[in-house]
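One structure is given here, and the rest of the page talks about it.
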Amino acid sequence: MPFDPAKLHAFLTDGGLDHVGKLGVAGNRTMAARTGKWWAALPKHHWPGDGRFDQFVAKHWDGIWDDRRQELVFIGIGMDEARIRWQLDTCLVHAAAFMPTLSNDLRDPLPAWGERQTEAAE
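Under our numbering, the first residue of the sequence shown is numbered 691, with each subsequent residue one higher.
What follows is the structure in structure tokens.
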């Protein structure tokens, strides 16, 4: 299930966590970096034709979301994993109420993805 951009933004900016990585938040400054495209967004004739890619597809492909997914890593001391998981779960858009084609209707306060690293202030 995907994140609701507005709910995730609120979690990242109001969640009381320090952030480091491809998405970093410090105060009212946000840094996000684009790292590639979803394979589902590319025509199949651009896909690699080797066994490793076939293994990737078999492991990571979803019937609704294809290879689109979010992976978050939290590293720290004394972190409350159950609380963080619960907070992130409240940021999800549930599949029963959402289809990928409806994503344009969600308010998105996160910085726009560009070819270069984007830095935005609120």
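Idealized CB from N, CA, C, for every residue including glycine.
Computed from a predicted structure; not experimentally measured.
For residue j and residue i, the rounded distance between their alpha carbons
| i | j | result |
| --- | --- | --- |
| R775 | F764 | 10 Å |
| P692 | W755 | 9 Å |
| A700 | L778 | 11 Å |
| V876 | L702 | A question about residue 876 goes unanswered here, because the residues of the chain that appear run from 691 up to 812. |
| R758 | D744 | 16 Å |
| L800 | K734 | 30 Å |
| D752 | H736 | 19 Å |
| L698 | A772 | 17 Å |
| G711 | L732 | Below a pLDDT of 50, predicted positions are generally treated as unreliable, and G711, at 44, falls in that range; the measurement from the model is reported next regardless. For G711 and L732, the distance between alpha carbons rounds to 26 Å. |
| V783 | K749 | 23 Å |
| E812 | A802 | Any reading at E812 is ruled out, since the residue's pLDDT is 43, under 50, leaving its predicted position unreliable. |
Run of the alpha helix (DSSP H) containing residue i, from where it starts to where it stops
| i | result |
| --- | --- |
| V747 | 741–750 |
| I774 | 771–779 |
| F693 | Element bounds for F693: n/a, residue is neither H nor E. |
Anticipated Cβ contact below 8 Å, residue i with residue j, distance rounded
| i | j | result |
| --- | --- | --- |
| D694 | C781 | 6 Å |
| L762 | A696 | About 17 Å; that fails the 8 Å criterion. |
Residue from the options with nearest C-alpha to residue i
| i | options | result |
| --- | --- | --- |
| Q760 | A696, W728, D798 | W728 |
- Task: Spell out a yes or no on whether the stretch 727–744 and the stretch 760–770 are touching, meaning 3 or more CB-CB pairs, one atom from each, closer than 8 Å.
- Result: no
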